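Chains as they are written, first to last, in this note's numbering: chain W, 456 to 755; chain H, 387 to 784. C-beta atoms are modelled at their ideal positions from N, C-alpha and C, and glycine is treated no differently. For clarity, every value in this text was computed on a predicted model and none was experimentally measured. The structure appears below as structure tokens.
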């Protein structure tokens, strides 16, 4: 039993790290929007799908390489996220301070179904794949276990880390980034200091959904895309954000790693079909012992 | 107001216009209500639209020939989304609001299993293309008919094929479905007849997007053949993972999982050599040839062939009974589908013979359409295909 665990462990951890790195991007987007707008914007599901399809159009129809395609996977969901918030969710959020966020969250669920069906209408139900060669994995002999790592996984993980580094640099060192953190931390104080909360809210939707879109495309690069790509990932993304601490961006990264690695390690003791439960068990454990999430809810 | 009045006038005009069509004029009674519940979206999405069109073809030919006993067929369609929850809501609407006497075309065993109790409790006939053994073992009192061979027949045929291919050590990667466990048990029972064995099975959650660890589990068992018992989205990911992991052994999956859509979405290197098997339509049948023309393809999928037959069976059973209820279909479907009557492959020809008081035995695009007492199809041919250069090549039909 023990030798069996030792043999499997390195591979499971590597798999978990890769899954976690990719999940971190949509989780950051989701949590950043929550930090500023104070409601869970469930349109992340359809915006992840939208990002995947925008990247598909750029990569397959326009013949662009992956990195420029990722730019489109950022821009299209970012603009859509901004428009959705501006015209649908914001008016609902403003109806009342107490029930507004709840109304907006419910409307976001409806909106995500609507957007998913718009994508379905345009692209159909077919599975689609990016124009990418599929490579055999690299194999490493660790002595006690074999490890295999896919070139595509490594590339995705690197892209994800670079984007995350960009986000952190933006939040830490730019004036706009600091404004966003200020509003997330204390909106009224930020208002007194002359920060325009409206602008910051728009930026949060724009950047947040853009990141979700990039995450959606990265998910698709490793697999295939269909109109449910984002929907399949949304529960794990939500779990990652809650586990890390809703509203905390480093928390989203930590949460994504915990959920990603946790889901893989669960295979040592559970059947693969129960893997989805791991995210929810993580939510229960964290909310029981540390209700504000692993890193609390500070924006940064 | 002018606009409203105009719109009403136009609507009224449109509503009345069919009355001026002479053949329809004869079919004026209360319409016969039939329902379709097909996977227009989700894993079955590639099949749903053509399954629906296959039903519409039958309905149109019945209606343009004057309906059944002067009554038109009115078709109500819902999307099962290949999702049991959505399918149950849709079935409730078909049964309670549209008051259909039959629901046709449920795809995916989880969907059919969820919808079945609503059907038999409301005395609505359910025609399905799902294969899980458990479906006809439900206490359905005759309200379920399926044109798809059950898992036992399908897996027995697969075992026979794998045995001939020389497969000895088989591992199963299965989506979580009502047939995952029973399929494994049947394969475990059948393989020893050909000197093979089942090494194990990993059941995965098909909502996931990454299956690396599941593939590792399969490879650790050192199989020579891997059976991918899932649906297109998850099998796509599994095939890619197997390729990356350096897998060069055999791979087999149901034809509804490895279809042309899948082959188009993956590089040929990844899919080459993958084998599929499926119940084959009766490609010699005139009904099959008419369906080719109707759907505009040389190769209608087996499910469209089956739903084409669902609609014909329902229409003929209603004509035989002279009543358009679920009970009438249940009581009469075997009387028009099997037995010593005159063989017919076209619905209007069957209606004409029935109207003349003759007995008929319908056989359609999907095959003979002969059923056991519990609703299973008696027999059907199978087709085995292999992927080569992103195309499926038929190995044999038997």
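Taking the C-alpha atoms as reference points, what is the distance between residue i and residue j?
i	j	result
residue 674 of chain W	residue 748 of chain W	25 Å
residue 656 of chain H	residue 624 of chain H	10 Å
residue 723 of chain H	residue 691 of chain H	15 Å
residue 490 of chain H	residue 476 of chain H	12 Å
residue 563 of chain W	residue 577 of chain W	21 Å
residue 415 of chain H	residue 709 of chain H	12 Å
residue 667 of chain H	residue 745 of chain W	59 Å
residue 682 of chain H	residue 674 of chain H	12 Å
residue 733 of chain H	residue 422 of chain H	18 Å
residue 586 of chain H	residue 526 of chain W	44 Å
residue 735 of chain W	residue 694 of chain W	7 Å
residue 687 of chain H	residue 769 of chain H	12 Å
residue 482 of chain W	residue 752 of chain H	48 Å
residue 454 of chain W	residue 649 of chain W	The requested residue 454 of chain W does not occur in the structure, where chain W is confined to residues 456 to 755.
residue 716 of chain W	residue 689 of chain H	40 Å
residue 419 of chain H	residue 704 of chain W	55 Å
residue 571 of chain H	residue 545 of chain H	12 Å
residue 687 of chain W	residue 728 of chain W	14 Å
residue 514 of chain W	residue 495 of chain W	31 Å
residue 467 of chain W	residue 597 of chain W	14 Å
residue 464 of chain W	residue 593 of chain H	24 Å
residue 446 of chain H	residue 694 of chain H	12 Å
residue 631 of chain W	residue 653 of chain W	13 Å
residue 472 of chain W	residue 583 of chain H	35 Å
residue 706 of chain W	residue 504 of chain H	46 Å
residue 737 of chain H	residue 457 of chain H	12 Å
residue 729 of chain H	residue 643 of chain H	34 Å
residue 407 of chain H	residue 450 of chain H	A caution first: residue 407 of chain H carries a pLDDT of 47, below 50, which makes its placement in the model too unreliable to give a value.
Would you grab the beta carbon distance between residue i and residue j for me? Rounded to a whole angstrom, and I think it's under 8 Å.
i	j	result
residue 553 of chain H	residue 482 of chain H	Contact doesn't hold; Cβ gap of about 49 Å is too wide.
residue 668 of chain W	residue 531 of chain W	7 Å
residue 529 of chain H	residue 716 of chain H	6 Å
residue 595 of chain H	residue 678 of chain W	5 Å
residue 659 of chain W	residue 553 of chain W	About 22 Å; that fails the 8 Å criterion.
residue 665 of chain H	residue 534 of chain H	6 Å
residue 692 of chain W	residue 485 of chain W	6 Å
residue 740 of chain H	residue 706 of chain H	6 Å
residue 500 of chain W	residue 567 of chain W	5 Å
residue 651 of chain H	residue 582 of chain W	5 Å
Are residue i and residue j touching if we call contact CB-CB under 8 Å?
i	j	result
residue 502 of chain H	residue 563 of chain H	no
residue 738 of chain W	residue 697 of chain W	yes
residue 448 of chain H	residue 461 of chain H	no
residue 480 of chain W	residue 618 of chain W	yes
residue 555 of chain W	residue 672 of chain W	no
residue 657 of chain W	residue 537 of chain W	yes
residue 471 of chain H	residue 426 of chain H	no
residue 560 of chain W	residue 623 of chain W	no
residue 470 of chain W	residue 599 of chain H	yes
residue 487 of chain H	residue 514 of chain H	no
residue 666 of chain W	residue 709 of chain W	no
residue 702 of chain W	residue 639 of chain W	yes
residue 621 of chain H	residue 648 of chain H	yes
residue 556 of chain H	residue 577 of chain H	yes
residue 454 of chain H	residue 701 of chain H	yes
residue 619 of chain H	residue 429 of chain H	yes
residue 615 of chain H	residue 561 of chain H	yes
residue 573 of chain H	residue 638 of chain H	no
residue 591 of chain H	residue 591 of chain W	no
residue 670 of chain W	residue 477 of chain W	yes
residue 612 of chain H	residue 569 of chain H	no
Practice problem: Please go through the region 659-708 of chain H and give each complete alpha helix (DSSP H) segment of 4 or more residues, from N-terminal end onward. | Solution: Complete alpha helix (DSSP H) runs here, min 4: 672-681 and 688-707.
Quiz item: Taking one C-beta from the region 770-781 of chain H and one from the region 744-759 of chain H each time, how about it: are there three or more such pairs within less than 8 Å?
Solution: Segments in contact, no.
Quiz item: Mind pulling the alpha helix (DSSP H) runs of 4 or more residues that sit fully within the region 644-715 of chain W?
Solution: The alpha helix (DSSP H) runs of length 4 or more contained entirely in the region 644-715 of chain W are, from start to end of the chain, 652-677 and 684-699.
Exercise. Indicate whether the contact test is met: 3 or more Cβ pairs, each with one atom in the region 680-692 of chain W and one in the region 566-585 of chain W, closer than 8 Å.
Key: Contact check between the region 680-692 of chain W and the region 566-585 of chain W: three or more CB pairs, one atom from each, fall below 8 Å, which counts as touching.
Quiz item: Just checking, does the region 507-523 of chain H make contact with the region 561-581 of chain H on the three C-beta pairs under 8 Å criterion?
Solution: At 8 Å Cβ cutoff, the stretches touch.
Quiz item: Do three or more CB pairs link the region 649-663 of chain H to the region 602-620 of chain W at distances below 8 Å?
Solution: Not touching, per the Cβ criterion.
Quiz item: Does the region 510-523 of chain W come close enough to the region 723-731 of chain W that 3 or more CB-CB pairs lie under 8 Å?
Solution: Cβ pair count under 8 Å is below three, so no.
Quiz prompt | Runs of beta strand (DSSP E) lying entirely within the region 581-633 of chain H, each at least 3 residues, in chain order | solution = For the region 581-633 of chain H, whole beta strand (DSSP E) runs of length 3 or above, ordered along the chain, are 583-590 and 611-615.
Self-check item: Residue ranges of each beta strand (DSSP E) within the region 496-572 of chain H, 3 or longer
Solution: Fully enclosed beta strand (DSSP E) runs of 3 or longer: 511-514, 530-532 and 555-561.
Exercise. Decide if the region 621-637 of chain H is in contact with the region 731-747 of chain H; the criterion is three or more beta carbon pairs, one per stretch, under 8 Å apart.
Key: Note that the region 621-637 of chain H does not touch the region 731-747 of chain H; fewer than 3 beta-carbon pairs, one per stretch, sit closer than 8 Å.
Quiz prompt | Every unbroken beta strand (DSSP E) within the region 703-765 of chain H, with a cutoff of 3 residues, ordered by chain | solution = Counting whole runs of 3 or more residues, the region 703-765 of chain H contains the beta strand (DSSP E) stretches 728-730 and 746-748.
Quiz prompt | Within the region 547-608 of chain W, ranges of the alpha helix (DSSP H) (whole runs, at least 4 residues) | solution = As far as the region 547-608 of chain W is concerned, its whole alpha helix (DSSP H) runs of at least 4 residues are 555-578.
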